[in-house]
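Accompanying notes for the structure given below.
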Amino acid sequence: MLEAGAVLDALALSCTPGPYLPGEEPYDDVPEPVDSAVELRTDAAMLAERLVAHDRIHGGGKTSRPPQPRTDGDRDAERDSARAYLRREWIASREGRLGGRRLP
176 MLEAGAVLDA LALSCTPGPY LPGEEPYDDV PEPVDSAVEL RTDAAMLAER LVAHDRIHGG
236 GKTSRPPQPR TDGDRDAERD SARAYLRREW IASREGRLGG RRLP
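So the mapping is simple: the numbering used here equals the position in the sequence shown, first residue as 1, plus 175.
Now the structure itself:
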């Protein structure tokens, strides 16, 4: 899940920054057509949020504690923090495989 999330996030980062699709699940109440960059960002965020939920339950996380859901209703900020957590975890997992050497 970490590898797939890192790939989706990297693809989403290559697009222009912008919003996510509304709702708790992607594509809820979304008029057609959907911009591919928005769809990609939303998919990356959904996978990252699943990793965060898994790490909260099972105590994962090499870099920090998984982010907690925000209570102020800022859903985009929650999604951004989940994606940032996923990036940190992926980088840490790669550095572990490289014998502690940092990625270029």
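All C-beta atoms, glycine included, are put in the ideal place defined by N, C-alpha and C.
Alpha carbon of residue i to alpha carbon of residue j, nearest angstrom
| i | j | result |
| --- | --- | --- |
| GLY235 | ALA228 | 10 Å |
| ALA219 | ALA259 | 11 Å |
| THR238 | GLU270 | 12 Å |
| TYR195 | ALA212 | 9 Å |
| GLU207 | GLY198 | 15 Å |
| ARG263 | VAL205 | 31 Å |
| ALA179 | GLU214 | 16 Å |
| ASP249 | ASP230 | 21 Å |
Spatial neighbours of residue i in its chain, beta-carbon cut-off 6 Å, leaving aside the 5 residues before and after
| i | result |
| --- | --- |
| ARG216 | ALA187, TYR195 |
| ARG254 | TYR195, ALA220 |
| ARG225 | none |
N- and C-terminal bounds of the alpha helix (DSSP H) containing residue i
| i | result |
| --- | --- |
| ASP230 | 211-233 |
| GLY180 | 177-188 |
Cβ-Cβ distance between residue i and residue j below 7 Å
| i | j | result |
| --- | --- | --- |
| PRO242 | SER256 | yes |
| LEU177 | ALA223 | no |
| TRP265 | ALA185 | no |
Spatial neighbours of residue i in its chain, beta-carbon cut-off 8 Å, leaving aside the 5 residues before and after
| i | result |
| --- | --- |
| ALA267 | LYS237, THR238 |
| ASP251 | PRO194, TYR195 |
Neighbourhood of residue i by C-beta distance below 7 Å, restricted to the same chain and skipping five residues each side
| i | result |
| --- | --- |
| LYS191 | According to the sequence displayed, residue 191 carries Thr and not Lys. Within the same chain, THR191 has close Cβ partners ALA212. |
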